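Student: Take a look at the following structure, please.
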Amino acid sequence: MVKKYPTVNEEYLKAVEKCKKKLRGLISEKNCAPIMLRLAWHSAGTFDVCSRTGGPFGTMRFPTELAHAANNGLDIALRLLQPIREQFPILSHADFYQLAGVVAVEVTGGPEVPFHPGRPDKAEPPVEGRLPDATKGSDHLRDVFIKQMGLSDQDIVALSGGHTLGRCHKERSGFEGPWTTNPLIFDNSYFK
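Under this note's numbering, the residue at position 97 of the sequence shown is numbered 97, and the numbers go up by one with no gaps.
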């Protein structure tokens, strides 16, 4: 089966490339790759396969979604991104947030992630409680990733590897400390 992506015009594609350059500069200068990847994941991780709601549709721009407990601290990412966002009004918020996550992985030495633009912005944020809860075990992860999102155990492992970037902050998650010895390098050390 061939995956079909939305089509965008040449002007939009040029804006994506220019925006990528600006994001590389910001993320490198501010060492903010972890929070940018977290923003992208928290935007996408709300998808529900049954209702076809949630997902990476730019709804993190709404105070109601930012106020979800799992999103504590993501207002910092939005504030850092705002000056760049204002330079690229042609881009949807949905594409912009996902592009920030893609660039965060690349800037920290991770793989080049294919970016397919064309996500529309939605007007309604998803309900709270769709992201995994760090205090619950593997059954909960399977409920969220497999039942809710339609993913697999392999996907759980792969996506969990994103924790190679960043650290926990007590005021955001209730936990404290880095996941790896170098939280600004994207590698497989999370699994060691």
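Quick reminder that beta carbons are idealized off the backbone N, C-alpha and C, glycines included. Keep in mind the model is a prediction, meaning the values are calculated, not measured.
Hey, how far is the Cα of T108 from the Cα of S160?
Tutor: Reading the sequence shown from its first residue, position 108 is the one you call residue 108. Reading the sequence shown from its first residue, position 160 is the one you call residue 160. Computed Cα separation, rounded: 17 Å.
Student: How far does the alpha helix (DSSP H) with G58 in it extend, from its first residue to its last?
Tutor: Locating residue 58 in the sequence shown gives position 58, counting from the first residue. Careful: G58 lies outside any alpha helix (DSSP H) and carries neither H nor E.
Student: If you measure between the beta carbons of Y12 and L91, is that distance less than 9 Å?
Tutor: Translated into the one-based positions of the sequence shown, residue 12 becomes position 12. Translated into the one-based positions of the sequence shown, residue 91 becomes position 91. Going by C-beta atoms, Y12 is nearer than 9 Å to L91.
Student: First and last residue of the alpha helix (DSSP H) that includes G101?
Tutor: Along the sequence shown, one-based indexing puts residue 101 at 101. Start and end: H93 to V107.
Student: If I follow the unbroken alpha helix (DSSP H) through Q82, where does it start and stop?
Tutor: Position 82 of the sequence shown, counted from the start, is the residue given in the question as residue 82. Segment L74 to Q87, the alpha helix (DSSP H) holding Q82.
Student: Whole angstroms are fine: how far does the CA of E10 sit from the CA of T180?
Tutor: As a working mapping, residue 180 is identified with position 180 in the sequence shown. As a working mapping, residue 10 is identified with position 10 in the sequence shown. So the two alpha carbons sit approximately 40 Å from each other.
Student: Please determine if the segment 98-113 and the segment 25-45 are in contact, where contact requires at least 3 C-beta pairs separated by less than 8 Å.
Tutor: Flag = yes, the segment 98-113 and the segment 25-45 touch.
Student: Measure the CB-CB distance between L80 and L37 and report whether it falls below 9 Å.
Tutor: As a working note, residue 80 is residue 80 in the sequence shown. As a working note, residue 37 is residue 37 in the sequence shown. Result no, Cβ atoms of L80 and L37 do not sit closer than 9 Å.
Student: Let me check understanding here. Comparing Cα to Cα, which of K20, S138 and V144 lies closest to L131?
Tutor: Residue 131 sits at position 131 when you count from the first residue of the sequence shown. L131 has its Cα closest to that of V144, out of K20, S138 and V144.
Student: Determine the contact status of A67 and D133, defining contact as a CB-CB distance below 9 Å.
Tutor: In the sequence shown, residue 67 corresponds to position 67, counting from 1. In the sequence shown, residue 133 corresponds to position 133, counting from 1. No, the Cβ-Cβ distance between A67 and D133 is not below 9 Å.
Student: Within its chain, find whatever has a CB closer than 6 Å to the CB of P178; leave out the 5 residues flanking it on each side and keep chain order.
Tutor: Counting from one through the sequence shown, the residue named residue 178 turns up at place 178. Same-chain partners within the cutoff: R167.
Student: Can you tell me whether T135 is buried or exposed, with buried defined as 16 or more other CB within 10 angstroms of its CB?
Tutor: For the purposes of this step, residue 135 is taken as residue 135 along the sequence shown, with counting starting at 1. So T135 ends up on the exposed side.
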